[in-house]
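According to the numbering used here, the sequence shown is numbered sequentially starting from 171. Below is one structure, written out as structure tokens; comments come after it.
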Amino acid sequence: MGDPDSYVGNYELQVPIFVLTHHPPSVAPKQDEHLTFTFVTGGVESAVAQAKAAAHDKAVQVVGGFSIAQQLLDAGLVDELHVDIMPVFLGIGLRSFESSSLERVRLEKINVQEVGARTSLRFRMKQ
Numbered sequence: 171m172g173d174p175d176s177y178v179g180n181y182e183l184q185v186p187i188f189v190l191t192h193h194p195p196s197v198a199p200k201q202d203e204h205l206t207f208t209f210v211t212g213g214v215e216s217a218v219a220q221a222k223a224a225a226h227d228k229a230v231q232v233v234g235g236f237s238i239a240q241q242l243l244d245a246g247l248v249d250e251l252h253v254d255i256m257p258v259f260l261g262i263g264l265r266s267f268e269s270s271s272l273e274r275v276r277l278e279k280i281n282v283q284e285v286g287a288r289t290s291l292r293f294r295m296k297q
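Now the structure itself:
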């Protein structure tokens with residue numbers, strides 16, 4: 171990850187960032203008026219609610235692995251799903267989405283983009 175203090179003024183997104191975690195750091199990374207960090211221990215619903223309040227009428231984006239995506243989908247908090255695929259298996263090749271609750275989820279493909287070895291898939295949640 172490098173030095174978290176180096177993100178101020180250099181990170182691609184200069185916005186409030188809400189970090190979902192079980193263990194907040196004892197010392198918060200450096201922040202400024204554009205890039206702030208809030209460490210949320212109350213689950214995905216709390217993190218999304220706080221991010222929406224901070225964003226006012228702007229979009230909220232959640233970045234995370236499949237566990238976070240699964241929690242967001244289960245809670246009905248997803249409008250669009252972006253999945254990036256790299257042609258590499260890490261560890262034992264865990265199943266990406268494994269939950270019977272996802273049987274109700276319907277996706278509409280809205281974009282496929284290839285950049286180098288990465289394939290990016292973008293879906294809209296269908297009602």
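Quick reminder that beta carbons are idealized off the backbone N, C-alpha and C, glycines included.
- Non-local C-beta neighbours of Thr206 in its own chain, meaning closer than 6 Å and more than five positions away in sequence, comprise Pro186, ordered along the chain.
- Of all alpha-carbon atoms in Gln240, Asp249, Gln283, the one lying nearest the alpha-carbon of Glu273 is that of Gln240.
- Sequence-distant Cβ neighbours of Val248 in its own chain, meaning closer than 8 Å and more than five residues away, are Ala239, Leu242, Met295.
- Note that the C-beta distance between His204 and Gln220 is not below 8 Å.
- A straight-line Cα-Cα distance of about 29 Å links Pro195 and Asp227.
- Of Val232, Arg292, His192, the smallest CA-CA separation from Asp254 is found for Arg292.
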